[in-house]
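These notes are about the structure you will find just below.
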Amino acid sequence: MEMRGQETRRFVVDMRHADGYRFVSQAREGDRHHGELFASDEPDPVGAASAPATPALLGAAVAHCLSASLLETLRHARLPVADFQSEVTAVVAPNAEGLPRIDHVDVVLRPTLAQPAGRTRRCEEVFEKHCTVTSSVRDGVDVRVRVDWQYRDQDSVTPAAGPVGVGAAPPASGAGDPGTR
116 MEMRGQETRR FVVDMRHADG YRFVSQAREG DRHHGELFAS DEPDPVGAAS APATPALLGA
176 AVAHCLSASL LETLRHARLP VADFQSEVTA VVAPNAEGLP RIDHVDVVLR PTLAQPAGRT
236 RRCEEVFEKH CTVTSSVRDG VDVRVRVDWQ YRDQDSVTPA AGPVGVGAAP PASGAGDPGT
296 R
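The sequence shown begins at 116 in the working numbering and counts up by one.
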């Protein structure tokens with residue numbers, strides 16, 4: 116994220132209760148609206164699950180920021196990206212008091228490059244430190260990131276052979292792996 120020469124930037128979300136546990140929101144920075152209205156709701160059985168739940172929205176913010184950071188790093192390295200997909204899982208589990216909390220967030224980034232390039236390892240080593248959201252939430256939530264490099268071979272996409280770079284595969288839900296971030 117660019118600071119645009121400002122010392123701070125203020126991102127506001129105006130929320131209005133719609134019904135049940137559903138809220139409709141509009142994001143803005145100053146007077147400039149960012150995107151369309153969006154809804155959020157609580158999952159069953161409390162809400163109607165009519166819109167993304169708040170853990171999914173937090174996961175989306177983390178995954179989007181990581182995806183944008185890796186994309187920017189790849190562009191800076193002059194590595195053309197043919198496609199980019201991401202998957203995020205926000206895992207909710209009871210804390211010591213029995214209250215539901217976001218235990219961890221697993222993110223898999225799948226950039227597709229035209230061909231393998233030696234600079235991907237360096238890109239993977241540095242992109243996370245530029246992710247504003249992930250760097251901000253990591254103090255309270257374990258964020259596990261894996262980059263699953265894909266390479267376009269003419270008309271097909273081939274996954275990279277074996278793990279590449281510093282990211283470790285996120286463990287299955289509930290698995291404790293102290294080696295992941």
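Glycine included, every Cβ here is placed at the ideal spot set by N, Cα and C.
Own chain residues within Cβ distance below 7 angstroms of residue i, not counting five before or after
| i | result |
| --- | --- |
| Q230 | Y266 |
| T169 | S155 |
| V256 | I217, H219 and V220 |
| S288 | Because the pLDDT at S288 is just 40, under 50, the model does not fix this residue reliably, and the value given afterwards should be weighed accordingly. So the list reads V206, once near-sequence residues are dropped. |
Length of the line joining the Cα atoms of residue i and residue j
| i | j | result |
| --- | --- | --- |
| E117 | V223 | 24 angstroms |
| A208 | L214 | 8 angstroms |
| R216 | E157 | 14 angstroms |
| D129 | A154 | 11 angstroms |
| R125 | H148 | 12 angstroms |
| D198 | T227 | 5 angstroms |
| Y136 | V161 | 8 angstroms |
| R119 | A166 | 33 angstroms |
| D263 | T235 | 11 angstroms |
| S182 | P195 | 15 angstroms |
| R190 | A211 | 43 angstroms |
| A192 | G233 | 11 angstroms |
| Q141 | R131 | 9 angstroms |
| D159 | Q121 | 42 angstroms |
Option nearest residue i by Cα separation, candidates the options
| i | options | result |
| --- | --- | --- |
| Q200 | V128, R137 and R261 | R261 |
| V177 | D268, S155, P195 and S251 | S251 |
| R253 | L173, P167 and A197 | L173 |
| V206 | D159, A133 and A171 | A171 |
| V127 | C180, D146 and R137 | D146 |
| A163 | L181, A133 and E239 | A133 |
Rounded Cβ spacing between residue i and residue j (contact assumed at less than 8 angstroms)
| i | j | result |
| --- | --- | --- |
| V220 | V248 | V220 to V248, Cβ: 10 angstroms. No contact. |
| C180 | C246 | 5 angstroms |
is_contact[residue i, chain B] using C-beta, thresh 8 angstroms
| i | result |
| --- | --- |
| P167 | The structure shown has no chain B; it contains just one protein chain. |
Chain-order list of residues whose beta-carbon lies under 6 angstroms from that of residue i (same chain, five-residue window excluded)
| i | result |
| --- | --- |
| F242 | S184, L185 and T188 |
| R225 | Q200, D263 and Q265 |
Cβ-based neighbour list, residue i, same chain, cut-off 8 angstroms, excluding 5 preceding and 5 following
| i | result |
| --- | --- |
| G277 | Confidence in G277 is poor, its pLDDT being 46 and thus under 50, which makes the residue's placement unreliable; the coordinate value appears in the next sentence. No residues qualify anywhere along the chain. |
Whole runs of the alpha helix (DSSP H) within the region 192-272, excluding any shorter than 4 residues: 235-241 and 247-252
Ordered list of beta strand (DSSP E) runs contained in the region 119-167, each at least 3 residues: Every unbroken stretch of the beta strand (DSSP E) spanning 3 or more residues and falling wholly within the region 119-167 is given here in chain order: 127-134, 137-144 and 147-155.
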